[in-house]
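Position one of the sequence shown corresponds to residue 1 (UniProt numbering), numbered consecutively onward.
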Amino acid sequence: MSRVPPATLFTPPFRVDEPERQTLPFVYNTGHSGAVYPASFVAASRLDAVALRRSEDAFVDRLYAPVVGLGAPLMQAAFPRAYLDVNREPYELDPRMFDGRLPPFVNARSMRVAGGLGTVPRVVADGQEIYRGRLPVDEALARIEELYKPYHRTLKELVARTARTFGHAVLIDCHSMPSTSLSRDEGPAVDVVLGDRFGTSCAPDLIDCAEAAFRGHGLRVVRNKPYAGGFITEHYGEPAQGRHALQIEVNRALYMDERKLLPRPGFEDLSRILTAVAETLGHAALDLGPRRIAAE
1 MSRVPPATLF TPPFRVDEPE RQTLPFVYNT GHSGAVYPAS FVAASRLDAV
51 ALRRSEDAFV DRLYAPVVGL GAPLMQAAFP RAYLDVNREP YELDPRMFDG
101 RLPPFVNARS MRVAGGLGTV PRVVADGQEI YRGRLPVDEA LARIEELYKP
151 YHRTLKELVA RTARTFGHAV LIDCHSMPST SLSRDEGPAV DVVLGDRFGT
201 SCAPDLIDCA EAAFRGHGLR VVRNKPYAGG FITEHYGEPA QGRHALQIEV
251 NRALYMDERK LLPRPGFEDL SRILTAVAET LGHAALDLGP RRIAAE
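This is how it looks when you write it as C-alpha cells:
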C-alpha cells in the first residue's frame, strides 16, 4: 500500500452541491456512492476493480442530484466505501487487519467489525476479503484523520447551518441495497427500506410521510428491516433537538444492472420518484414548523 497521504488520492475527497438558495430544511448525503479507486488501493487488493465495487452504492449521487434544484444541499463522497466507510464510528477497526498496535480507544468489538465492515473495511459487501496482506496501522489512522473527520465536520456544519436557518434540520442518508439482500421467502420483493433507528432518529410524521409518498408511486416499502440506519442516522438524529435523520435504501434492481454495474432504463424513472418524494417531504417539514417537529 502506498504511503501517499490519503487525501491526495482524491481531488477532492468529497463535495457539496449547493442550491442557489437553500429553501428546504434538508441535507441529503450519499456517503457510499464514491467511485474513485486509486491505483495504489487496487494494487493492494486481492480483488479486481469490479469486485471492489460490490460495496458501492453505485449512482446514488446521480439519482438524488435533482434535490439540489429543489433547494437542498447534496453531499457526496468521492472515496469508495471499500476504502473508508463514513457510516461507521470513527474508529471501528479490526486488529487482525493491521501491522502494529491500534490505539486503546478503538472499538474492535462491534458487530460491524466482526462482520468485516468497520471504518476501514476488511471485506466487500458480499464477504470477499479486500487486501492481500495486513495494512500499517498508520494507514488506517491517516484515512480517518484526512478523510473521515473532514467529511463529518462538513456534514455536521451543513446540518447545523440548516438548523440555524430554519429552526430545525432533516438529514436524509441515501443508500442502495443489493436485490439479493432481501429474502423473497418473506413475501414480495421490497423496493424501499426506510430506517429511523426504530423510531428514535426522526419525527414519526416524517417517516410516515416518506412511506406514504413512496407507496403513492407504487413502490413496496418496509421500515427498519433489514436496515434501520447506521452511524449517521443514529448520530445525527436528535429529534428532541429539532434535528432529524432518516435513511432511505432503494433496491438496486430498480435502476441498475447489478452484475454489469451499469444504469438500466428504470434509472430516470426512479430519480423522478425520489425527487417527487423529496419535494413532498420538503413541504411536510415546512408545514410542521420547528416547534412541532422538535416536540415529536
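Glycine is no exception: its CB is placed at the ideal position from the N, C-alpha and C atoms.
1. Among the candidates I130, V123, A160, P136, whose CA atom is the shortest distance from the CA of D99?
2. In three-state terms, what does DSSP make of R264?
3. Return the first residue and the last residue of the beta strand (DSSP E) that M75 is part of.
4. Considering only the alpha carbon of each residue, which of G242, S201, P239, F214 lies closest to T233?
5. When the Cα atoms are used, what is the spatial distance from A65 to T275?
6. Return the first residue and the last residue of the alpha helix (DSSP H) that E249 is part of.
7. Compare the beta carbon distance of Q76 and T30 with 7 Å and say whether it is the shorter of the two.
8. Would a C-beta distance cut-off of 7 Å place V124 and A78 closer than the cut-off?
9. Among the residues of its own chain, which have a CB less than 6 Å from the CB of D61, if the five just before and after it don't count?
10. From A294 to V50, what does the alpha carbon distance come to, in whole angstroms?
11. Secondary structure at G237, three-state DSSP: helix, strand or coil?
12. DSSP has residue 344 in a bridge; who is on the other side?
13. What number of angstroms, rounded off, separates the C-alpha of E145 from the C-alpha of S40?
14. Using the C-alpha atoms, what's the distance from F10 back to E296?
So, from the listed chains and residues:
1. Here residue 99 refers to the residue found at position 99 of the sequence shown. D99 has its Cα closest to that of P136, out of I130, V123, A160, P136.
2. Residue 264 sits at position 264 when you count from the first residue of the sequence shown. Note: R264 maps to coil in three-state DSSP.
3. Numbered from 1 along the sequence shown, position 75 holds the residue referred to as residue 75. According to the DSSP assignment, M75 belongs to the beta strand (DSSP E) that extends over 74 to 77.
4. Numbered from 1 along the sequence shown, position 233 holds the residue referred to as residue 233. Comparing Cα-Cα distances from T233 to each of G242, S201, P239, F214, the minimum goes to S201.
5. Start at 1 with the first residue of the sequence shown, and residue 65 comes out as number 65. Start at 1 with the first residue of the sequence shown, and residue 275 comes out as number 275. C-alpha separation (whole angstroms): 9 Å.
6. Locating residue 249 in the sequence shown gives position 249, where the first residue counts as 1. Careful: E249 lies outside any alpha helix (DSSP H), inside the beta strand (DSSP E) at 243 to 251.
7. Along the sequence shown, read from residue 1 onward, the residue named residue 76 stands at position 76. Along the sequence shown, read from residue 1 onward, the residue named residue 30 stands at position 30. A Cβ-Cβ contact shorter than 7 Å links Q76 with T30.
8. Start at 1 with the first residue of the sequence shown, and residue 124 comes out as number 124. Start at 1 with the first residue of the sequence shown, and residue 78 comes out as number 78. Pairing V124 with A78 gives a Cβ-Cβ distance that is not under 7 Å.
9. Along the sequence shown, one-based indexing puts residue 61 at 61. These residues qualify, in order along the chain: T30, S33, Q76.
10. Stepping through the sequence shown from its first residue, residue 294 is reached at position 294. Stepping through the sequence shown from its first residue, residue 50 is reached at position 50. In this prediction, A294 scores a pLDDT of 38, lower than 50, which makes its location untrustworthy; no coordinate-derived value is stated.
11. Translated into positions along the sequence shown, residue 237 becomes position 237. Assignment of G237 by DSSP, reduced to helix, strand and coil, places it in the coil class.
12. The shown model of the chain, from 1 to 296, leaves out residue 344, and the question about it has no answer.
13. Your numbering for residue 145 matches position 145 in the sequence shown. Your numbering for residue 40 matches position 40 in the sequence shown. Taking the Cα positions, E145 is about 19 Å away from S40.
14. For this step, residue 296 is matched to residue 296 along the sequence shown. For this step, residue 10 is matched to residue 10 along the sequence shown. Low confidence applies here, because E296 scores a pLDDT of 37, under 50, leaving its location unreliable; read the following figure in that light. In this structure, the alpha-carbon of E296 lies about 40 Å from that of F10.
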